[in-house]
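K.L.:
Handing you a structure now.
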Amino acid sequence: MTFVRSDGIVAHWDIDGIASAVLIARHYNIPIDNIRLSSTSRVYKFVKELVSIGLNHIFVLDLNLNEKVTRDIARLTRKRGIGITIVDHHEWSQSTLEFVESLHNLRLILGSSYPCTAKLVHDSILSSAPLREEYKLLLDMAIDDDTYSNKIPLTSKWRVLLRWGDWGLRYRTLEYWLDGLVWPEWAEIEFQKIWKEYERLIYAAVESVEDASVEGTRILFVYPDQKVHPGDLQHYLENIVEKKADVYVFVYGKSVSLRSAKLNVAEIARILGGGGHKKAAGASLNVSDKSSIKNTIISLFSRAFSKRGEKA
Numbered sequence: 001m002t003f004v005r006s007d008g009i010v011a012h013w014d015i016d017g018i019a020s021a022v023l024i025a026r027h028y029n030i031p032i033d034n035i036r037l038s039s040t041s042r043v044y045k046f047v048k049e050l051v052s053i054g055l056n057h058i059f060v061l062d063l064n065l066n067e068k069v070t071r072d073i074a075r076l077t078r079k080r081g082i083g084i085t086i087v088d089h090h091e092w093s094q095s096t097l098e099f100v101e102s103l104h105n106l107r108l109i110l111g112s113s114y115p116c117t118a119k120l121v122h123d124s125i126l127s128s129a130p131l132r133e134e135y136k137l138l139l140d141m142a143i144d145d146d147t148y149s150n151k152i153p154l155t156s157k158w159r160v161l162l163r164w165g166d167w168g169l170r171y172r173t174l175e176y177w178l179d180g181l182v183w184p185e186w187a188e189i190e191f192q193k194i195w196k197e198y199e200r201l202i203y204a205a206v207e208s209v210e211d212a213s214v215e216g217t218r219i220l221f222v223y224p225d226q227k228v229h230p231g232d233l234q235h236y237l238e239n240i241v242e243k244k245a246d247v248y249v250f251v252y253g254k255s256v257s258l259r260s261a262k263l264n265v266a267e268i269a270r271i272l273g274g275g276g277h278k279k280a281a282g283a284s285l286n287v288s289d290k291s292s293i294k295n296t297i298i299s300l301f302s303r304a305f306s307k308r309g310e311k312a
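As numbered in full-length UniProt numbering, residues 1 to 312 make up the sequence shown, in order.
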């Protein structure tokens, strides 16, 4: 009996995640019906969904999994002989990495030094094969977005659209990108509709800023609407109103986005059960009131600084 591999994809819903999914899908001829866009909290749900429709190999792209989710996926797929390939450029916890090493059906391609997952996909899965112009643009946009370089005008527009839009818009984006249409007419129309409101939400978030200091480190707490990207807020704070800090904490309900050019915020995020990059990371908390979140974050940074002092 001949084994026929049937692939699926679970990818993050941002520019990098969707671009990574497009590169993989075009390379392996994976239909859009076999692709799920996801947040980190929904990865297991979508892997289970793809397993239920009979797929035997699944790519998980640009999603920083914690140990529990990884174990759940392994438990679901191992006995069924389903292969999992995870490609990611975030920092993973040591315990998760050690667990992954013990698995035979799960392959992890991790490149924390890479600017984005799409670049890692291109270099590893696609063996740096030449790309058509439109897919090269998607790769460049992924790098531009995840490094927050903003050298490509379309990057900031898609960042706003994907953050603002619902899942329908994100899947519509996937559909058009798969067809090589990077900026269709409907995207410009949608962007023009929301831009003024997006700016208003940025201004409102700036008004919510609270200042704190931990052992001489300035921390700004900001309470934006869910639809506002933390990178856009950081840019506005630093360059427009000149409120600069060592650490920025953007609070979205029970979730926090941590950003810093000086400190490894991924370490703090991992303590909270999240993860990310040294300069940008995130996590979800069990509390939602501002004072509790603020006290939790300040306490974690204080402890981190104390441990460094002990080691010194």
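All C-beta atoms in this analysis are idealised placements derived from N, C-alpha and C, irrespective of residue type, glycine included.
In chain order, what residues of the same chain lie with their CB nearer than 7 Å to the CB of residue 183, ignoring the 5 residues before and after it?
P.N.:
Only 154 meet the Cβ criterion.
K.L.:
What is the DSSP secondary structure of residue 172, counted as helix, strand or coil?
P.N.:
If DSSP states are grouped into helix, strand and coil, residue 172 belongs with the helices.
K.L.:
Along the alpha helix (DSSP H) that carries residue 17, what are the first and last residues, could you check?
P.N.:
Its alpha helix (DSSP H) spans residues 15–28.
K.L.:
Where residue 17 and residue 143 are concerned, what is the direct C-alpha to C-alpha distance, given to the nearest angstrom?
P.N.:
Roughly 11 Å between the two C-alpha positions.
K.L.:
Roughly how far, in whole angstroms, is the beta-carbon of residue 228 from the beta-carbon of residue 202, given that I think they are within contact range, below 8 Å?
P.N.:
The Cβ separation is near 6 Å, so the contact holds.
K.L.:
By DSSP's criteria, residue 83 is part of a beta bridge. Which residues make up the other side?
P.N.:
Residue 83 pairs with 57.
K.L.:
Got a sec, what are the start and stop residues for the alpha helix (DSSP H) residue 282 sits in?
P.N.:
First-last for residue 282: 280–284, but that is the beta strand (DSSP E), not the alpha helix (DSSP H).
K.L.:
DSSP three-state label for residue 245, please.
P.N.:
Residue 245: coil per DSSP, three-state reduction.
K.L.:
Please list, in chain order, all residues of the same chain as residue 69 whose beta carbon is under 7 Å from its beta carbon, the five residues on each side excluded.
P.N.:
Closer than 7 Å at the Cβ level, and outside the excluded window around residue 69, lie 43 and 44.
K.L.:
Within its chain, find whatever has a CB closer than 8 Å to the CB of residue 22; leave out the 5 residues flanking it on each side and keep chain order.
P.N.:
If we look at residue 22 and ignore the five residues flanking it on each side, its Cβ neighbours are 135, 138, 174, 177 and 178.
K.L.:
What is the residue span of the beta strand (DSSP E) that residue 218 lies within?
P.N.:
Where residue 218 is concerned, the enclosing beta strand (DSSP E) stretches over 217–222.
K.L.:
The beta strand (DSSP E) that contains residue 394, what's its start and end?
P.N.:
Nothing can be reported for residue 394, as the shown portion of the chain is limited to 1 through 312.
K.L.:
With the cut-off set at 8 Å, would you say residue 92 and residue 106 are in Cβ contact?
P.N.:
Result no, Cβ atoms of residue 92 and residue 106 do not sit closer than 8 Å.
K.L.:
Check each candidate in 147, 104, 256 and 12 and name the one with the smallest Cα separation from residue 60.
P.N.:
Residue 60 has its Cα closest to that of 12, out of 147, 104, 256 and 12.
K.L.:
Could you tell me whether the stretch 261–268 touches the stretch 220–238, where touching means 3 or more Cβ pairs closer than 8 Å?
P.N.:
No, they do not touch.
K.L.:
Consult DSSP for residue 263 and reduce its assignment to one of helix, strand or coil.
P.N.:
Residue 263: coil per DSSP, three-state reduction.
K.L.:
Within 10 Å of its beta-carbon, does residue 122 have 16 or more other beta-carbons around it, so buried, or fewer, so exposed?
P.N.:
It is buried - the Cβ of residue 122 has at least 16 other Cβ atoms within 10 Å.
K.L.:
To which residues does DSSP link residue 11 through a beta bridge?
P.N.:
37 and 61, per the DSSP bridge assignment.
K.L.:
Out of 199, 259, 185 and 305, state which residue places its alpha-carbon closest to the alpha-carbon of residue 283.
P.N.:
Here the closest residue by C-alpha is 259.
K.L.:
Does the beta-carbon distance from residue 297 to residue 241 come in below 8 Å?
P.N.:
Against a cut-off of 8 Å, the Cβ pair of residue 241 and residue 297 comes out as no contact.
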